[in-house]
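In my numbering, the protein residues as written are 74 to 371. Inspection log for the structure reproduced underneath, given as structure tokens.
Set out below in structure tokens:
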């Protein structure tokens with residue numbers, strides 16, 4: 074009984090301390106533990122910088138905004154909040170960030186808190202080429218995405234992205250595979266890759282001036298738009314509940330099929346579902362499908 078009383082008293086005193094700390098920072102605020110005591114929504118996370126060489130693989134896992142870019146540096150530079158862990162082992166640079174959300178204990182029990190612990194910026198030298206780039210970005214509230222991830226001017230053999238954030242890929246060279254599985258808007262521009270797979274649960278997909286052999290773009294609930302892409306073999310776009318609008322290079326190798334369950338379809342101004350000759354050699358095949366929405370190809 075005495076032991077139970079002492080434990081309860083300690084918890085009560087600790088709760089009073091946390092309540093007082095939160096109250097002293099502008100009102101009732103949650104105090105929680107993450108690498109030390111923290112106050113929800115108070116204070117600016119300090120930034121640190123570190124430099125790395127001989128990196129062939131890059132792995133980023135965090136819930137905060139991320140920028141990976143080419144820039145005027147001689148070594149890979151990582152600028153990151155102090156709640157992010159950065160390590161380099163055997164050619165693998167691993168950036169592990171803190172979550173936006175925590176389960177925190179207050180006087181009345183556990184509840185979820187949300188904090189933004191700053192941005193992570195990775196700058197790579199001009200001639201850097203990775204074997205793999207792997208990003209895993211997770212937001213706290215997937216129904217109200219406010220994070221953004223930008224990758225610009227990178228060269229790699231394989232690039233893989235998964236997460237719950239708006240994503241911009243610009244001037245990316247992936248000599249083998251580009252794979253994106255995301256929840257949020259996706260924009261890919263001026264990029265070059267061999268095989269591509271792009272999927273999101275909701276949000277639009279926008280493609281601008283890319284070059285690839287094969288690409289499959291799919292969204293469960295969102296529009297897909299694109300200007301003329303440089304396609305060597307195959308390009309498909311599939312939207313379960315959204316429209317598909319784009320431009321296609323029109324020549325003797327072009328083969329197009331369009332299918333929609335509820336909505337109109339137009340290929341080069343005509344209400345048809347197919348375009349091109351079926352017996353040509355080395356065709357460039359386009360396939361567009363939507364369940365609910367229109368298809369307009371110019």
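All C-beta atoms, glycine included, are put in the ideal place defined by N, C-alpha and C.
Sequence-distant residues of the same chain with beta carbon closer than 7 Å to residue 244, five excluded per side: For the purposes of this step, residue 244 is identified with residue 171 of the chain shown, where counting begins at 1. Excluding positions up to five away in sequence, the list reads 225, 226, 263 and 264.
Proximity below 8 Å, CB of residue 146 to CB of residue 139: Position 73 of the chain shown, counting from 1, holds the residue named residue 146. Position 66 of the chain shown, counting from 1, holds the residue named residue 139. Result no, Cβ atoms of residue 146 and residue 139 do not sit closer than 8 Å.
Closest residue to residue 364 among 153, 240 and 331 (Cα-Cα distance): Numbered from its first residue, the chain shown carries residue 364 at position 291. Per the Cα distances, 331.
Between the CA atoms of residue 256 and residue 207 - distance to the nearest angstrom: Residue mapping note: residue 207 aligns to position 134 of the chain shown, counting from 1. Residue mapping note: residue 256 aligns to position 183 of the chain shown, counting from 1. The straight-line gap from Cα to Cα measures roughly 16 Å.
Where residue 317 falls, given that 16 or more other Cβ within 10 Å makes a residue buried: Taking the chain shown and counting its residues from 1, the one referred to as residue 317 is at position 244. With 16 or more other Cβ atoms inside 10 Å of its own Cβ, residue 317 counts as buried.
Buried or exposed by the 16-neighbour rule on C-beta atoms within 10 Å, applied to residue 236: Here residue 236 refers to the residue found at position 163 of the chain shown. It is buried - the Cβ of residue 236 has at least 16 other Cβ atoms within 10 Å.
Cβ-Cβ separation, residue 301 to residue 26 (assumed contact under 8 Å), whole Å: This structure does not reach residue 26, given that the chain is present from 74 up to 371, and the question cannot be answered.
Nearest to residue 210 (by Cα), restricted to the options 249, 221 and 129: If you number the chain shown from 1, residue 210 lands on position 137. The option with the nearest alpha carbon to residue 210 is 221.
Distance, residue 135 Cα to residue 116 Cα: As a working note, residue 116 is residue 43 in the chain shown. As a working note, residue 135 is residue 62 in the chain shown. In this predicted model, residue 116 has a pLDDT of only 46, less than 50, meaning its place in the structure is not dependable; the value taken from the coordinates is given anyway. Spanning the two alpha carbons is a distance of roughly 20 Å.
Anticipated Cβ contact below 8 Å, residue 269 with residue 242, distance rounded: Numbered from 1 along the chain shown, position 196 holds the residue referred to as residue 269. Numbered from 1 along the chain shown, position 169 holds the residue referred to as residue 242. In fact, because the Cβ distance is near 10 Å, the residues do not count as touching under 8 Å.
Residue 299 versus 329, 290, 319 and 305, residue with shortest Cα-Cα distance: As a first step, residue 299 is located in the chain shown; it is residue number 226 there, counting from the start. Comparing Cα positions, the closest option is 319.
Bounding residues of the beta strand (DSSP E) (the contiguous stretch that carries residue 241): For the purposes of this step, residue 241 is taken as the residue at position 168 of the chain shown. It spans 239 to 243 - the beta strand (DSSP E) in which residue 241 sits, taken as one unbroken run.
Classification of residue 99 by the beta-carbon crowding that lies within 10 angstroms, buried from 16 upward: What you label residue 99 is simply residue 26 of the chain shown in a count that begins at 1. Reliability of the predicted coordinates at residue 99 is poor, the pLDDT of 48 falling under 50, and the value obtained from them is presented with this limitation in mind. That one is exposed.
Classification of residue 311 by the beta-carbon crowding that lies within 10 angstroms, buried from 16 upward: For this step, residue 311 is matched to residue 238 along the chain shown. So residue 311 counts as buried.
Under 8 Å between C-beta atoms of residue 228 and residue 250: Residue mapping note: residue 228 aligns to position 155 of the chain shown, counting from 1. Residue mapping note: residue 250 aligns to position 177 of the chain shown, counting from 1. In this structure, residue 250 does not lie closer than 8 Å to residue 228 by Cβ.
Buried versus exposed, by CB contacts within 10 Å (16 or more), residue 153: The count along the chain shown starts at 1 and reaches residue 153 at position 80. Counting Cβ neighbours within 10 Å, residue 153 comes out buried, since at least 16 surround it.
Contact belief for residue 197 with residue 149 at Cβ below 8 Å, rounded distance in angstroms: Sequence index remark: in the chain shown, residue 197 carries index 124 (1-based). Sequence index remark: in the chain shown, residue 149 carries index 76 (1-based). Going by Cβ atoms, the distance from residue 197 to residue 149 rounds to 5 Å, so yes, they are a contact pair.
Short Cβ contact (8 Å threshold) for residue 333 with residue 368: Position 260 of the chain shown, counted from the start, is the residue given in the question as residue 333. Position 295 of the chain shown, counted from the start, is the residue given in the question as residue 368. Residue 333 is a Cβ neighbour of residue 368, given a cutoff of 8 Å.
Residue 282 versus residue 307: straight-line alpha-carbon distance, rounded: Working through the chain shown from its first residue, we reach residue 282 at position 209. Working through the chain shown from its first residue, we reach residue 307 at position 234. If I take the Cα positions, the gap works out to 15 Å.
Buried/exposed call for residue 366, threshold 16 Cβ in 10 Å: Counting from 1 along the chain shown, the entry for residue 366 is found at position 293. Residue 366 should be labelled buried.
Assigned secondary structure, residue 191 (DSSP; H/G/I helix, E/B strand, else coil): Locating residue 191 in the chain shown gives position 118, where the first residue counts as 1. Residue 191: coil per DSSP, three-state reduction.
Span separating the alpha-carbon of residue 372 from that of residue 340: In this structure the chain extends from 74 to 371, so residue 372 is not present and cannot be described.
Every unbroken beta strand (DSSP E) inside the stretch 240 to 279 [3 residues or more]: 246 to 255, 259 to 262 and 265 to 273
Proximal residues to residue 151 (C-beta, below 6 Å), its chain only, five neighbours per side dropped: Position 78 of the chain shown, counted from the first residue, corresponds to residue 151. So the list reads 123, 159 and 195, once near-sequence residues are dropped.
Within 8 Å, strictly: CB atoms of residue 200 and residue 130: Mapped onto the chain shown, residue 200 falls at position 127. Mapped onto the chain shown, residue 130 falls at position 57. The criterion of a C-beta distance shorter than 8 Å is not satisfied by residue 200 and residue 130.
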